[in-house]
Amino acid sequence: MKCSLCNSSLNHKVSPDFYKCGKCNAYIKELSTFLDSAKEQERYLTHNNDVYDPRYRKFTSPISQRILSNFQPHHLGLDFGCGTGPVIAKVLQEKNYQILLYDPFFQPINENLEKKYDYIACCEVAEHFHDPQEEFLRLNQLLKLDGKLYIMTQMFENQDQNFSDWYYIQDPTHVVIYTFKSFEFIAENFGFQVEFEGTRLIVLKKIRDFSKQLKIC
(Lines of atoms letter the chains of each structure in order from A; the text may use other names.)
(Lines give C-alpha, C1' and ligand atoms only; values in the text may rest on other atoms or scores of the structure.)
Protein backbone atom coordinates (compact mmCIF):
# COMPACT_ATOMS: atom_id res chain seq x y z
CA MET A 17 0.00 0.00 0.00
CA LYS A 18 1.21 3.50 -0.89
CA CYS A 19 0.70 6.74 1.04
CA SER A 20 -2.01 8.72 -0.71
CA LEU A 21 -0.24 11.99 0.15
CA CYS A 22 3.39 11.32 -0.77
CA ASN A 23 3.44 7.95 -2.61
CA SER A 24 5.78 6.32 -0.09
CA SER A 25 5.33 2.67 0.85
CA LEU A 26 3.35 2.12 4.04
CA ASN A 27 4.65 -0.55 6.38
CA HIS A 28 3.93 0.76 9.90
CA LYS A 29 0.39 -0.15 10.96
CA VAL A 30 -0.71 1.80 14.05
CA SER A 31 -4.34 0.63 14.34
CA PRO A 32 -6.56 -1.98 12.71
CA ASP A 33 -7.34 0.45 9.86
CA PHE A 34 -4.51 3.03 9.74
CA TYR A 35 -0.87 3.13 8.70
CA LYS A 36 1.60 5.86 9.65
CA CYS A 37 3.75 7.16 6.81
CA GLY A 38 7.44 7.45 7.59
CA LYS A 39 7.96 10.12 4.92
CA CYS A 40 5.20 12.73 5.42
CA ASN A 41 4.05 11.56 8.87
CA ALA A 42 0.40 11.32 7.82
CA TYR A 43 -1.89 8.55 9.05
CA ILE A 44 -3.52 6.80 6.10
CA LYS A 45 -6.58 4.59 6.31
CA GLU A 46 -6.54 1.27 4.52
CA LEU A 47 -8.34 1.59 1.22
CA SER A 48 -10.44 -1.55 1.74
CA THR A 49 -12.16 0.11 4.72
CA PHE A 50 -13.42 3.17 2.79
CA LEU A 51 -17.18 3.64 2.62
CA ASP A 52 -18.70 3.58 -0.83
CA SER A 53 -20.06 6.85 -2.20
CA ALA A 54 -23.68 6.22 -1.18
CA LYS A 55 -22.79 5.31 2.41
CA GLU A 56 -20.39 8.23 2.66
CA GLN A 57 -23.11 10.65 1.59
CA GLU A 58 -25.55 9.02 4.02
CA ARG A 59 -23.05 9.61 6.82
CA TYR A 60 -22.73 13.31 5.92
CA LEU A 61 -26.49 13.70 5.95
CA THR A 62 -26.52 12.78 9.65
CA HIS A 63 -24.54 15.96 10.45
CA ASN A 64 -26.65 18.73 11.96
CA ASN A 65 -25.17 21.72 10.16
CA ASP A 66 -27.58 24.58 10.76
CA VAL A 67 -25.98 27.78 9.42
CA TYR A 68 -27.86 29.83 12.04
CA ASP A 69 -26.76 27.67 15.00
CA PRO A 70 -24.48 29.87 17.17
CA ARG A 71 -22.48 26.82 18.29
CA TYR A 72 -21.78 25.86 14.68
CA ARG A 73 -20.81 29.44 13.88
CA LYS A 74 -18.46 29.53 16.85
CA PHE A 75 -16.89 26.20 15.87
CA THR A 76 -16.07 27.47 12.37
CA SER A 77 -15.18 31.00 13.50
CA PRO A 78 -11.38 30.50 13.44
CA ILE A 79 -11.63 30.40 9.64
CA SER A 80 -14.32 33.03 9.13
CA GLN A 81 -12.59 35.49 11.48
CA ARG A 82 -9.23 34.99 9.74
CA ILE A 83 -10.82 35.68 6.36
CA LEU A 84 -12.58 38.79 7.66
CA SER A 85 -9.24 40.02 9.00
CA ASN A 86 -7.16 39.20 5.92
CA PHE A 87 -9.50 39.98 3.03
CA GLN A 88 -12.05 42.53 1.87
CA PRO A 89 -15.58 42.05 0.43
CA HIS A 90 -14.36 42.53 -3.15
CA HIS A 91 -12.02 39.53 -2.91
CA LEU A 92 -13.37 36.25 -4.28
CA GLY A 93 -13.51 33.18 -2.03
CA LEU A 94 -14.56 29.55 -2.21
CA ASP A 95 -16.10 27.36 0.51
CA PHE A 96 -14.59 24.04 -0.62
CA GLY A 97 -16.36 20.97 0.74
CA CYS A 98 -19.10 23.13 2.22
CA GLY A 99 -21.43 20.19 2.95
CA THR A 100 -25.11 20.56 3.72
CA GLY A 101 -24.65 23.72 5.80
CA PRO A 102 -22.18 26.21 4.28
CA VAL A 103 -21.89 28.24 7.46
CA ILE A 104 -18.62 29.99 6.60
CA ALA A 105 -20.05 31.20 3.31
CA LYS A 106 -23.21 32.35 5.10
CA VAL A 107 -21.28 34.33 7.74
CA LEU A 108 -19.16 36.03 5.08
CA GLN A 109 -22.10 36.74 2.77
CA GLU A 110 -23.80 38.52 5.66
CA LYS A 111 -20.79 40.86 5.56
CA ASN A 112 -21.22 41.32 1.79
CA TYR A 113 -18.28 39.08 0.93
CA GLN A 114 -18.19 37.25 -2.40
CA ILE A 115 -17.81 33.54 -1.72
CA LEU A 116 -18.89 30.61 -3.89
CA LEU A 117 -19.61 27.00 -2.99
CA TYR A 118 -18.33 23.60 -3.99
CA ASP A 119 -19.01 20.16 -2.54
CA PRO A 120 -18.82 16.90 -4.52
CA PHE A 121 -22.00 15.61 -2.88
CA PHE A 122 -24.14 18.65 -2.06
CA GLN A 123 -22.89 21.52 -4.24
CA PRO A 124 -21.25 19.85 -7.28
CA ILE A 125 -20.92 23.16 -9.15
CA ASN A 126 -18.05 22.30 -11.48
CA GLU A 127 -17.90 25.78 -12.98
CA ASN A 128 -16.73 27.01 -9.57
CA LEU A 129 -13.65 24.83 -10.03
CA GLU A 130 -12.72 26.81 -13.13
CA LYS A 131 -12.14 30.15 -11.38
CA LYS A 132 -9.21 31.62 -9.45
CA TYR A 133 -9.70 32.61 -5.81
CA ASP A 134 -8.12 34.99 -3.33
CA TYR A 135 -8.94 32.61 -0.47
CA ILE A 136 -10.42 29.16 0.08
CA ALA A 137 -12.09 27.84 3.23
CA CYS A 138 -11.74 24.11 3.82
CA CYS A 139 -13.38 23.35 7.17
CA GLU A 140 -13.41 19.76 8.44
CA VAL A 141 -12.84 18.53 4.89
CA ALA A 142 -9.18 17.58 4.43
CA GLU A 143 -9.52 14.48 6.61
CA HIS A 144 -12.07 13.15 4.08
CA PHE A 145 -9.73 13.38 1.07
CA HIS A 146 -9.55 9.96 -0.60
CA ASP A 147 -6.70 11.30 -2.72
CA PRO A 148 -5.07 14.16 -0.76
CA GLN A 149 -2.30 14.55 -3.32
CA GLU A 150 -4.83 15.26 -6.06
CA GLU A 151 -6.86 17.59 -3.82
CA PHE A 152 -3.89 19.72 -2.72
CA LEU A 153 -2.76 20.00 -6.33
CA ARG A 154 -6.28 21.15 -7.21
CA LEU A 155 -6.41 23.65 -4.33
CA ASN A 156 -3.08 25.13 -5.38
CA GLN A 157 -4.41 25.60 -8.90
CA LEU A 158 -7.63 27.23 -7.65
CA LEU A 159 -5.75 29.89 -5.70
CA LYS A 160 -4.24 33.07 -7.07
CA LEU A 161 -0.60 33.69 -6.22
CA ASP A 162 -0.40 34.85 -2.57
CA GLY A 163 -3.93 33.52 -2.02
CA LYS A 164 -4.64 31.68 1.22
CA LEU A 165 -6.10 28.27 1.97
CA TYR A 166 -7.65 28.01 5.45
CA ILE A 167 -7.88 24.42 6.66
CA MET A 168 -9.53 23.24 9.83
CA THR A 169 -8.90 19.64 10.78
CA GLN A 170 -7.76 17.87 13.93
CA MET A 171 -4.10 16.94 13.78
CA PHE A 172 -2.75 14.07 15.85
CA GLU A 173 0.14 15.32 17.95
CA ASN A 174 -0.44 13.77 21.39
CA GLN A 175 2.11 10.99 21.40
CA ASP A 176 1.00 9.95 24.90
CA GLN A 177 -2.42 8.99 23.53
CA ASN A 178 -3.17 5.67 21.87
CA PHE A 179 -4.00 6.49 18.24
CA SER A 180 -6.45 3.56 18.05
CA ASP A 181 -8.52 5.09 20.85
CA TRP A 182 -8.56 8.64 19.49
CA TYR A 183 -12.10 9.94 18.95
CA TYR A 184 -11.34 11.56 15.59
CA ILE A 185 -10.64 8.31 13.75
CA GLN A 186 -13.91 6.76 14.88
CA ASP A 187 -15.70 8.59 12.07
CA PRO A 188 -15.55 6.10 9.16
CA THR A 189 -15.26 8.95 6.63
CA HIS A 190 -12.00 10.23 8.15
CA VAL A 191 -9.42 8.55 5.94
CA VAL A 192 -6.30 10.71 6.32
CA ILE A 193 -5.01 12.28 9.53
CA TYR A 194 -2.34 14.97 9.43
CA THR A 195 0.42 16.16 11.73
CA PHE A 196 2.51 19.33 11.78
CA LYS A 197 5.11 17.48 9.72
CA SER A 198 2.43 16.47 7.19
CA PHE A 199 1.49 20.08 6.53
CA GLU A 200 5.14 21.10 6.38
CA PHE A 201 5.53 18.43 3.70
CA ILE A 202 2.46 19.76 1.86
CA ALA A 203 3.80 23.31 1.99
CA GLU A 204 7.21 22.32 0.66
CA ASN A 205 5.93 20.03 -2.08
CA PHE A 206 2.71 21.69 -3.23
CA GLY A 207 3.76 25.32 -3.50
CA PHE A 208 2.68 26.78 -0.16
CA GLN A 209 3.98 28.55 2.92
CA VAL A 210 2.45 27.19 6.13
CA GLU A 211 1.28 28.83 9.36
CA PHE A 212 -0.23 26.98 12.31
CA GLU A 213 -2.69 28.11 14.94
CA GLY A 214 -2.83 25.35 17.53
CA THR A 215 -3.54 21.83 16.26
CA ARG A 216 -6.76 22.71 14.41
CA LEU A 217 -6.18 25.66 12.09
CA ILE A 218 -3.66 25.58 9.27
CA VAL A 219 -3.12 28.47 6.85
CA LEU A 220 -1.41 27.68 3.56
CA LYS A 221 -0.33 30.68 1.50
CA LYS A 222 0.29 29.96 -2.18
CA ILE A 223 3.82 31.02 -3.11
CA ARG A 224 4.13 29.25 -6.45
CA ASP A 225 2.12 27.33 -9.01
CA PHE A 226 2.32 23.58 -8.74
CA SER A 227 0.70 21.38 -11.34
CA LYS A 228 2.97 18.33 -11.66
CA GLN A 229 2.29 14.92 -10.14
CA LEU A 230 4.60 14.00 -7.26
CA LYS A 231 7.02 11.14 -7.85
CA ILE A 232 8.08 10.55 -4.25
CA CYS A 233 8.77 6.94 -3.23
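Using our numbering, the letters of the sequence shown correspond one by one to residues 17 to 233.
Glycine is no exception: its CB is placed at the ideal position from the N, C-alpha and C atoms.
Keep in mind it's a predicted model, so treat the numbers as computed, not measured.
Assign residue i to one of three DSSP states: helix, strand, or coil.
i    : result
L51  : coil
A42  : coil
L220 : strand
H144 : helix
K18  : strand
E130 : coil
K29  : strand
Among the options, which has the Cα closest to the Cα of residue i?
i    : options               : result
R71  : F172, I104, S25, Y60  : I104
I125 : N156, L61, G99        : G99
M171 : F206, L26, A42, N205  : A42
L142 : T49, V192, I115       : One point to set straight first is that residue 142 is Ala, not Leu, in the sequence displayed. Selected option, being the one with the closest Cα: V192.
Y113 : P120, F96, F122, L92  : L92
Q175 : S20, I202, V30, S24   : V30
C40  : F50, L26, P89         : L26
F122 : L61, K222, S227, I202 : L61
M168 : H90, L129, R82        : R82
S24  : Q149, K111, E213      : Q149
I214 : F199, A203, I223      : Note that residue 214 is Gly in the sequence shown here, rather than Ile. Looking at the Cα atoms, F199 is the closest of the given residues.
H90  : D181, D66, K111, F201 : K111
Near residue i, which residues of its chain fall below 7 Å by C-beta distance, leaving aside the five closest residues on each side in sequence?
i    : result
H255 : Past the boundaries of the shown model lies residue 255; the chain is included only from 17 to 233, so the question cannot be answered.
Which residues in the same chain have their Cβ closer than 6 Å to the Cβ of residue i, if we skip the five residues on either side of it in sequence?
i    : result
L52  : In the sequence as presented, Leu is not what sits at residue 52; that position holds Asp. Cβ neighbours of D52 beyond the five flanking positions: none.
P120 : none
H144 : T189
Leaving out five residues on either side along the sequence, give the residues of the same chain with a beta carbon under 8 Å from the beta carbon of residue i.
i   : result
N86 : Y135, K164
Contact between the region 118 to 134 and the region 159 to 168 (3+ Cβ pairs under 8 Å): Verdict: yes, contact present.
Touch test, the region 48 to 59 against the region 210 to 223, Cβ-Cβ under 8 Å, three pairs minimum: Per the Cβ contact rule, the region 48 to 59 is not in contact with the region 210 to 223 (fewer than 3 Cβ pairs under 8 Å).
Contact between the region 184 to 196 and the region 19 to 34 (3+ Cβ pairs under 8 Å): A contact exists between the region 184 to 196 and the region 19 to 34.
Completely contained alpha helix (DSSP H) runs for the region 163 to 210, where each covers 4 or more residues: DSSP assignment within the region 163 to 210 yields the following whole alpha helix (DSSP H) runs of 4 residues or more, N-terminal first: 196 to 206.
Contained beta strand (DSSP E) runs [length at least 3] in the region 78 to 121, N- to C-terminal order: As far as the region 78 to 121 is concerned, its whole beta strand (DSSP E) runs of at least 3 residues are 92 to 96, 114 to 118.
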